[in-house]
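Comments concern the structure below.
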Amino acid sequence: MTLLCTGYEPFGDHETNPSERVARELDGATVAGHEAVGAVLPVEFDNVADELAALIDEHDPDAVIATGLAGGRSTVSVERVAVNVDDAVTVPDNADNSPYNERIEPAGADAHFATIPVVESVEALLEAGIPARVSNSAGTHCCNHALYSLLENHDVPSGFVHLPFTPKGAVSEAEAPERGGSVPASLPLSLQVDGVRRVLATTVA
Ligand code: PCA
């Protein structure tokens with residue numbers, strides 16, 4: 021089997037994106053005896069779906085786990101659902117597009133459930149001591165767009181994992197902690213990689 025794992029390039033004010041590093045670490049790795057392919061997607065509403073389609077054409081994967089940063093979340097979050105909405109909220113994409121209350125696919129389904137074992141994946145992570153939870157909203161930015169386009173356009177088990185900052189990333193996002201300000205939640209990259217590996221392994225088990 022071939023397992024595709026995507027991450028995203030940095031976006032908005034973030035200097036790095038842990039999901040990019042997770043995808044690079046998994047590229048060429050063996051996961052549960054299967055070959056993993058890692059790739060990095062542009063944070064661009066207009067290009068995400070085409071890039072994913074090209075990757076699926078090229079690698080013909082048996083499962084796809086897309087990943088992205090959800091700054092401020094404290095856990096590896098396995099997304100349950102994708103909605104047919106593009107809205108950049110306050111963060112334009114990397115092509116400076118800022119959709120407002122648009123449909124991704126005008127004639128598409130309103131929403132799709134992820135087609136990976138979401139709850140079982142979270143259980144597997146918790147069992148391994150990795151902070152994880154089911155998330156019932158992937159938002160309306162490019163991450164939701166990626167999951168929606170996978171589920172709307174492709175017949176391959178697909179899911180999405182939102183990742184927290186790494187500790188270094190959290191420090192660079194901190195708001196004057198030496199003056200009593202806050203530092204956002206984080207998880208070491210190694211735990212994030214292990215978490216995504218376990219989601220992939222649970223999906224093909
Ligand atoms: N996170 C954003 C887009 C890219 C990323 O890594 C999101 O949650 O939609």
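Each number in the working numbering corresponds to the 1-based position in the sequence shown with 20 added. Backbone N, C-alpha and C fix where the C-beta goes; we use that ideal spot for every residue, glycine too. Bear in mind the structure is a predicted one, so any value in this text is a computation, not a measurement.
In the displayed model, GLU40 falls within a helix according to three-state DSSP.
By alpha-carbon distance to PRO126, the top candidate from GLU140, GLU147, PHE133 and SER169 is SER169. For ASP33, the number of other beta carbons within 10 angstroms of its own is below 16, and it is reported as exposed. By the beta-carbon neighbour count (other beta carbons within 10 angstroms, threshold 16), PHE65 is buried. DSSP places ALA56 inside the beta strand (DSSP E), whose first and last residues are 54–61. Under the 8 Å Cβ criterion, the segment 101–111 does not count as touching the segment 194–212, having fewer than three qualifying pairs. DSSP places ILE85 in the strand class (E or B) of the three-state scheme.
Here GLY149 is exposed. Its C-beta has fewer than 16 other C-beta atoms within 10 Å. Per DSSP, LEU207 lies in no alpha helix (DSSP H) segment and is marked neither H nor E. With at least 16 other beta carbons inside 10 angstroms of its own, PRO184 counts as buried. Remark: the shortest separation between the CB of ALA90 and any heavy atom of ligand 1 falls under 7 Å.
Within the same chain, Cβ atoms closer than 7 Å to the Cβ of ASP80 are found at THR22, the five residues on either side in sequence being excluded. In the three-state reduction of the DSSP assignment, ASP113 falls in the coil class, being assigned neither a helical nor a strand state. According to DSSP, LEU183 shares a beta bridge with LEU89. With contacts defined as CB atoms closer than 8 Å, VAL216 and ASN164 fail to qualify as a contacting pair.
In this structure, DSSP gives ARG153 an extended state, which the three-state scheme calls strand.
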